[in-house]
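J.: Take this structure, written in structure tokens, and hold onto it; I'll ask about it next.
Number of protein chains: 2
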Amino acid sequence: MTRNRPAQPPVTDEQAFLAAYDAAQFPHPSVAVDVVLVTVEGGSLRALLAPRTNHPHRGRWSLPGSFVRMDESLDQAAQRVLAAKAGQSGIFLEQLYTFGRPDRDPRTRVITIAYYALVDARRLARREAGSQADAGGKLVTLEVPWQGEHGGPVRIVDDAGRSLPLAFDHADILGLVVQRLRGKLDYAPIGFELLPRQFTLRQLQEIHETILGRTLNKDSFRRRLLASELIVPTGKLEQDVGHRPAELYRFHKPARSKHHE
Amino acid sequence: MTRNRPAQPPVTDEQAFLAAYDAAQFPHPSVAVDVVLVTVEGGSLRALLAPRTNHPHRGRWSLPGSFVRMDESLDQAAQRVLAAKAGQSGIFLEQLYTFGRPDRDPRTRVITIAYYALVDARRLARREAGSQADAGGKLVTLEVPWQGEHGGPVRIVDDAGRSLPLAFDHADILGLVVQRLRGKLDYAPIGFELLPRQFTLRQLQEIHETILGRTLNKDSFRRRLLASELIVPTGKLEQDVGHRPAELYRFHKPARSKHHE
DNA sequence: TGACTTATATGTACTATGCATATATGCTTG
DNA sequence: CAAGCATATATGCATAGTACATATAAGTCA
């Protein structure tokens, strides 16, 4: 260990340090999860946020989150937040990235594991109307000021088009969600998570276009999806559309499985 | 700091809970970083691990890691580990995933943010010989028992081909590294990180084939790389190869930038 | 019934890729 | 020093995927 380190504990051998480690003698950071609940509505990406009612960053908008309890996994903590703040369960939820700048929360050191969740807009609206589990949360529109997978923070605007201030580093978290969605879209079946069980190809294409922030070629999109065997036709047609109705499809999960923690 | 909480705090409103939150009254998990230092050598993926000398999982092999200090970022903690355990700095280092199963460490709750680092095998060998910063760490070979991006844990074997036992959930961490590398390889310039500054196309192809675990078409690989403008010819040729020498190229960083925390 | 709108199908040019073949070049060996 | 060797580099061609254009089908609505 040639590196000169500050006065910190005299660690000459890290293995010995780990063995002698006493949870009570060393300051621990707080650990939280923040969840970005994403949906697509009216050609826009939308996320659930709430204005802060207390001290740091009062009035600025922040993501639903919670500290991680000692007896739950990170995934369980994120599911708990999702259930408490949005009344949602059983939906797509995946770890995004862990944010840990020492000064990201002025009160104390808080490391947060960010998650993102995807849900059909209609289902979210139904649930939100049924119970008031939202606790002040609102769906706001995401404005992405960059193209492709360049990355960077995003802005949020309310339904009147006014820009809203964001708390902590939540603009970065939202930006990374968009970057991740754009990157995963063409190799992972995530578009389906934002639609009802049955949907038309046009609806799926609009989901993709909204996420990517650009238009797609209709024929190529059709052929690619139909050839992918990710979707199967139901034989049913959409109803009450004022023109020739399109066939309804449903998602057919691929055979290969993911494996994580 | 009490370990077991009496009754869970009466959380009816999460905002109020956050405001009333006192860092000292609530048990915090320990937070660590683990670093997977990856290199490619002799057609195999290799990673730096060390046998544990103490209590839990004594004798099993584990990744270099450290607890996160209160005044450093997660990236800084990972860099510190890399410098202390491998004598490496200024190399590619990126966050992988955060592992937090409550029982992943039998001593206490430890949440670990896993990083992976990529380095040229020759550079690693040079540095390792120069200083003995390794502290018991050894390069072991990764055996990947799955194809493509299917995912799953991996095995490690020593230079004699013997399988070695892994500590904690480190088999999962290593597996996710391989999965991530395979996924990123064809859209992110990571192959170059495993080569010296100047390299031949053949060398780069061997890096890709080792990571992907399958052979690639030589001509397609050539054309795709040359068309990508990620590499520029140096005009120099490789030396002492016993056959016609190939031209040496160097990596030319693309204009677009990444943006993270 | 016919106009309208969108879905669905077909055709064509272009591009990327896999595969095969031909040529170039530094090194090795007799 | 010349011939052979091994690999690099270049070229040609068939195939697959995609962008773009056009044609046909099928519901709705006046």
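Here the protein sequences come in this chain order: V and Y.
Residue numbering for the first sequence is 1 to 261, as defined by this note's numbering.
Residue numbering for the second sequence is 262 to 522, as defined by this note's numbering.
Using N, Cα and C, we set each Cβ at its ideal position, and we do this for glycine too.
In chain order, what residues of the same chain lie with their CB nearer than 6 Å to the CB of residue 32 (chain V), ignoring the 5 residues before and after it?
T.: Hits under 6 Å: 65, 67, 110 and 112.
J.: Please report the straight-line C-alpha distance between residue 496 (chain Y) and residue 510 (chain Y), rounded to a whole angstrom.
T.: If I take the Cα positions, the gap works out to 8 Å.
J.: Once the 5 residues before and after residue 78 (chain V) are set aside, which same chain residues still bring their CB inside 7 Å of it?
T.: 33, 35, 93 and 115, listed in sequence order.
J.: Can you pull out the residues from the stretch 88 to 108 of chain V whose beta carbon lies closer than 7 Å to at least one beta carbon of chain Y?
T.: Against chain Y - using a Cβ distance shorter than 7 Å - the residues of the stretch 88 to 108 of chain V are 95, 97, 98, 99, 100, 101, 102 and 108.
J.: With DSSP run on the structure shown, which of helix, strand or coil describes residue 241 (chain V)?
T.: Here residue 241 (chain V) sits in coil by DSSP.
J.: Taking a cut of 7 Å between CB atoms, which residues from the stretch 448 to 481 of chain Y lie near chain V?
T.: Listed by position along the chain: nothing, the set is empty.
J.: At 3 residues or longer, what runs of the beta strand (DSSP E) sit wholly inside the stretch 47 to 106 of chain V?
T.: Those beta strand (DSSP E) runs which fall completely within the stretch 47 to 106 of chain V and span 3+ residues are 65 to 67 and 92 to 99.
J.: Quick one: Cα of residue 120 (chain V) to Cα of residue 46 (chain V), how far?
T.: If you take the alpha carbons of residue 120 (chain V) and residue 46 (chain V), they lie about 11 Å apart.
J.: Would you say residue 437 (chain Y) touches the ligand NAD, meaning its beta carbon is less than 8 Å from a heavy atom?
T.: Among the components modelled here there is no ligand, and therefore nothing to report on the ligand NAD.
J.: When the cut-off is 9 Å and only beta carbons count, does residue 38 (chain V) lie next to chain Y?
T.: For residue 38 (chain V), the answer is no, since every Cβ of chain Y falls outside 9 Å of its Cβ.
J.: Can you tell me whether residue 447 (chain Y) is buried or exposed, with buried defined as 16 or more other CB within 10 angstroms of its CB?
T.: Result: exposed.
J.: Quick one: is residue 291 (chain Y) near chain V, going by C-beta distance under 9 Å?
T.: Judged by the 9 Å Cβ criterion, residue 291 (chain Y) is in contact with chain V.
J.: Could you confirm whether any beta carbon from chain V is found closer than 9 Å to the beta carbon of residue 506 (chain Y)?
T.: Answer no: the Cβ-Cβ gap between residue 506 (chain Y) and chain V never drops below 9 Å.
J.: So, are the CB atoms of residue 491 (chain Y) and residue 512 (chain Y) less than 9 Å apart?
T.: In contact: residue 491 (chain Y) and residue 512 (chain Y) (Cβ atoms closer than 9 Å).
J.: Is the CB of residue 143 (chain V) under 9 Å away from at least one CB in chain Y?
T.: Judged by the 9 Å Cβ criterion, residue 143 (chain V) is not in contact with chain Y.
J.: State the DSSP-derived secondary structure class of residue 175 (chain V), mapped to helix, strand or coil.
T.: Three-state result, residue 175 (chain V): helix.
J.: Between the alpha carbons of residue 42 (chain V) and residue 514 (chain Y), how many angstroms are there, rounded?
T.: Approximately 38 Å, taken between the alpha carbons.
J.: May I ask you to report which of helix, strand or coil DSSP gives residue 430 (chain Y)?
T.: Looking at residue 430 (chain Y) - three-state DSSP - the assignment turns out to be coil, as it is neither helix nor strand.
J.: Short of 7 Å in beta carbon distance, which residues of its chain neighbour residue 324 (chain Y), apart from the five on each side in sequence? Order them along the chain.
T.: So the list reads 295, 296, 297, 310, 431 and 434, once near-sequence residues are dropped.
J.: Under 7 Å Cβ-Cβ, which residues of chain V neighbour residue 333 (chain Y)?
T.: Chain V residues near residue 333 (chain Y): 102.
J.: Would you give the residue range spanned by the beta strand (DSSP E) that residue 375 (chain Y) belongs to?
T.: Where residue 375 (chain Y) is concerned, the enclosing beta strand (DSSP E) stretches over 371 to 379.
J.: What three-state label does DSSP hand residue 413 (chain Y) in the structure shown?
T.: It is coil, neither helix nor strand.
J.: Just to confirm my understanding: we take residue 177 (chain V), look at its own chain, exclude 5 residues before and 5 after, and list those with CB closer than 7 Å. What are they?
T.: Once the five neighbours on either side are set aside, the close Cβ partners of residue 177 (chain V) are 36, 38, 96 and 116.
J.: Just to confirm before moving on: does the CB-CB distance between residue 342 (chain Y) and residue 455 (chain Y) stay below 9 Å?
T.: No, they are not a contact pair.
J.: Identify whether residue 248 (chain V) lies in helix, strand or coil by the three-state DSSP scheme.
T.: It is a strand residue.
J.: Using the beta-carbon of each residue, which ones in chain V are nearer than 8 Å to residue 539 (chain Y)?
T.: Outside the displayed span of chain Y (262 to 522) sits residue 539 (chain Y), for which this structure offers no information.
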